[in-house]
Amino acid sequence: MLLIAVSTPVMAQDAPPTLPEPPKEKLWDWDDNDPRIGLKAGLHDAGEAAKGVKLLANMPKPEGFRDAQRTGGSVSNTDLAFQGDMAFVGNYRGFNIYDVSDPSNPSLKTSVVCPGGQGDISVYQNLLFMSVQETRGRLDCGTQGVEAPVSDERFRGVRIFDISDVSNPAQVGAVQTCRGSHTHTVVSDPTDSENVYVYVQGTSRVRPAEELPGCSAAQDPDEDPNTSYFRIEVIKVPLAAPDMSEIVNMPRIFEQDGNIGGLWQGGDHGAGTQRSRRTNQCHDITAYPAVGLAAGACSGNGILLDITDPANPVRIEQVVDPNFAYWHSATFNNDGTTVIFTDEWGGGGQPRCTDEDPPTWGANAIFDLVDGKLKLRGYYKLPVPQTRTENCVAHNGSIIPVPGRDIKAQAWYQGGMSIFDFTDPENAYEIAFFDRGPVSDTTLISGGYWSTYWHNGKLYGAEIARGFDIFELEPSEHLTENEIEAAMLVSMRDFNAQEQPKLDWPAVPVVARAYMDQLVRADAISGEWVSRVNAALDGGAGTDLTEAANALEMAALGSLASGQSRHEDKVRVRLAKVLRQMSE
1002 MLLIAVSTPV MAQDAPPTLP EPPKEKLWDW DDNDPRIGLK AGLHDAGEAA KGVKLLANMP
1062 KPEGFRDAQR TGGSVSNTDL AFQGDMAFVG NYRGFNIYDV SDPSNPSLKT SVVCPGGQGD
1122 ISVYQNLLFM SVQETRGRLD CGTQGVEAPV SDERFRGVRI FDISDVSNPA QVGAVQTCRG
1182 SHTHTVVSDP TDSENVYVYV QGTSRVRPAE ELPGCSAAQD PDEDPNTSYF RIEVIKVPLA
1242 APDMSEIVNM PRIFEQDGNI GGLWQGGDHG AGTQRSRRTN QCHDITAYPA VGLAAGACSG
1302 NGILLDITDP ANPVRIEQVV DPNFAYWHSA TFNNDGTTVI FTDEWGGGGQ PRCTDEDPPT
1362 WGANAIFDLV DGKLKLRGYY KLPVPQTRTE NCVAHNGSII PVPGRDIKAQ AWYQGGMSIF
1422 DFTDPENAYE IAFFDRGPVS DTTLISGGYW STYWHNGKLY GAEIARGFDI FELEPSEHLT
1482 ENEIEAAMLV SMRDFNAQEQ PKLDWPAVPV VARAYMDQLV RADAISGEWV SRVNAALDGG
1542 AGTDLTEAAN ALEMAALGSL ASGQSRHEDK VRVRLAKVLR QMSE
């Protein structure tokens, strides 16, 4: 049989249509129209987005604190402290002092070059304390570093400066520690006016015993029970003689059942959880002397300390969280009933706020303190995704003193500043923000806010790369003019975020109206009573104020009796207290 091959012409075919890829399912929800999305990149010309705050001033880093080849690292701005009209900005190379008496036109008062990193600072009366951890640190503040592996010129620990003359700070003390000082916490004793205490959180490698006798680099307590790990140091500072400052205690605050390293042993918490380090150090401790407590963020644990005897802190509670990689810092609410712990997943140098990062990782965990126990209530994370060239994770912040509410301003590195309400710890929400575009849109370059704090009516930000920023709050649907003015009534001479003060407000009409605004926002007061209370405040008649206070207290008691007491009832009681004080 003859087979004949027949060639069949190949007909041209249309290319298949290009179909759009289906939208990727969001790991978490955000507003696609948020103005922080798509901001222009740049160092000093980046795009900006703001809500509820206004940028008043930016002060670029001065000479000696910047490097043409880098923005962060050894030239990073770090933590902030305040004394009156002076703002102190730490830096890996020393610190700068700014006069902020005119917040719209601040001026550089003094620069102190004294390298050693990390440069976190605190102030107390006429003294400034500075953390030093790097092996380049020198006793004499020299910039040449120390090359020898063992040297009596090296300094790692806490420097003490006399700032009686802020134009000429003088180093008057230097306390050496085995692991240096990554951070520190000033702790005052309400019963002792002659001394102040400094808790030292060292996180660097242990120095040789040949350089500082008594140091031990043993990682296992069984190898050496005197290991320099698994502890903090407590420095006692005589205020009249800071040169006599010395370590008076090295408490083993992680001890459990006789094991000085008995808390979290390191590793993950099971499938789908974070891996966290063994608890052998604290990164930060926030003291609240007025309530006798401190909260420690310590590697793999959050801990609570009794500091009624500041020289001898005692751990009374500890928690773990499967969503936390590294417990970083802590903040109390003003009542001392809620504690926020932050997770510095990625160490602050990685982009941990992208659309692919879980909303409970690199976030805040919010705990209520109930009968001495920490109870997890909720989480808060920056509610808008950042790019992959922006280092971003939860970092340092402080309370904004709005009476009746728990509000925090917080730094998120290149995620900017986020201000959020955590009055209801289970439902924290953002009320204001400020953000810039990335330093670079092609390369991950360190930048963003190290710290954002409130002090005497304004917000301040230490920007790693871009300098020092000052903001003011603006009224919005989340925050009224009365609430802002009430917050501005709180004035402090010294402020260090790691030693929280107890905040109080005077009994004046704007404080009462701030409480009223909160009740109106919550639809928890009738229009009639709004008018009656406002009339009483305007008229100032004692009987009218007392009558309004009685009605508010009765409403709160009615809710309590019915088993339906809410936060608004606390606001009613606080408003009633202000009205009674005004009537006297």
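Numbers in this note's numbering are just positions in the sequence shown, counted from 1, shifted up by 1001. Heads up, the beta-carbon is just placed ideally off N, CA and C, and yes, glycines get one too.
Assumed close pair residue i, residue j - CB separation to whole angstroms, cut-off 8 Å
i: Val1201; j: Glu1247; result: Actually they do not touch by this definition, with Cβ atoms about 12 Å apart.
i: Thr1186; j: Thr1287; result: 7 Å
i: Ala1050; j: Pro1036; result: 4 Å
i: Thr1338; j: His1568; result: Their Cβ separation, rounded to whole angstroms, is 12 Å, which puts Thr1338 and His1568 out of contact at 8 Å.
i: Ile1308; j: Ala1296; result: At roughly 10 Å, the Cβ-Cβ gap does not stay under 8 Å, so Ile1308 and Ala1296 are not in contact.
i: Val1090; j: Phe1469; result: 5 Å
Alpha carbon of residue i to alpha carbon of residue j, nearest angstrom
i: Gly1348; j: Leu1028; result: 22 Å
i: Pro1323; j: Leu1264; result: 14 Å
i: Ala1410; j: Ile1401; result: 7 Å
i: Gly1438; j: Leu1044; result: 9 Å
i: Asp1153; j: Gly1203; result: 20 Å
i: Ile1471; j: Tyr1461; result: 5 Å
i: Glu1486; j: Asp1505; result: 14 Å
i: Asn1334; j: Val1340; result: 6 Å
i: Ala1291; j: Lys1041; result: 45 Å
i: Pro1352; j: Thr1274; result: 19 Å
i: Ala1326; j: Val1385; result: 21 Å
i: Arg1067; j: Val1512; result: 43 Å
i: Val1371; j: Ile1317; result: 13 Å
i: Ala1272; j: Ala1366; result: 20 Å
i: Met1418; j: Thr1184; result: 21 Å
i: Glu1345; j: Arg1378; result: 19 Å
i: Val1320; j: Asn1302; result: 6 Å
i: Asn1483; j: Met1583; result: 17 Å
i: Pro1239; j: Ser1492; result: 26 Å
i: Pro1010; j: Val1440; result: Confidence at Pro1010 is low in this model, with a pLDDT of 40, below 50, so the placement of that residue should be treated as unreliable; the coordinate-derived value is given next. Looking at the two C-alpha atoms, the distance is approximately 59 Å.
i: Asn1227; j: Ala1149; result: 26 Å
i: Leu1490; j: Pro1507; result: 8 Å
i: Phe1130; j: Val1101; result: 20 Å
i: Cys1393; j: Val1076; result: 18 Å
Residue j beta carbon less than 8 Å from that of residue i
i: Arg1253; j: Gly1267; result: no
i: Ala1412; j: Tyr1450; result: yes
i: Leu1383; j: Gly1416; result: yes
i: Ser1205; j: Gly1181; result: yes
i: Ile1098; j: Leu1128; result: no
i: Phe1421; j: Val1054; result: no
i: Met1060; j: Pro1107; result: yes
i: Val1151; j: Glu1212; result: yes
i: His1329; j: Ala1298; result: yes
i: Ala1537; j: Ala1549; result: yes
Residue burial classification, residue i (beta-carbon count within 10 angstroms, cutoff 16)
i: Arg1276; result: exposed
i: Gln1282; result: buried
i: Lys1062; result: buried
i: Gly1117; result: buried
i: Met1555; result: exposed
i: Val1315; result: exposed
i: Met1245; result: exposed
i: Gln1387; result: buried
i: Asp1518; result: buried
i: Thr1544; result: exposed
i: Ser1532; result: exposed
i: Thr1192; result: exposed
Extent of the continuous beta strand (DSSP E) to which residue i belongs
i: Gln1185; result: With the sequence shown as reference, residue 1185 is identified as His, and Gln is not the correct amino acid for it. Start and end: Thr1184 to Asp1190.
i: Tyr1099; result: Gly1095 to Asp1100
i: Met1060; result: Val1054 to Met1060
i: Arg1316; result: Val1315 to Val1320
i: Ser1563; result: No beta strand (DSSP E) contains Ser1563, which DSSP labels as neither H nor E.
Residue interval of the alpha helix (DSSP H) (run including residue i)
i: Gly1528; result: Gly1528 to Gly1540
i: Glu1482; result: Glu1482 to Ala1488
i: Val1199; result: From DSSP, Val1199 is part of no alpha helix (DSSP H) but of the beta strand (DSSP E) over Asp1193 to Gln1202.
i: Leu1383; result: Counting along the chain, Leu1383 falls outside any alpha helix (DSSP H), and DSSP gives it neither H nor E.
i: Lys1571; result: His1568 to Ser1584
i: Ala1515; result: Pro1510 to Arg1522
CB contact check: residue i to chain C, cutoff 8 Å
i: Gly1215; result: Within the model displayed, chain C is absent; a lone protein chain is all it includes.
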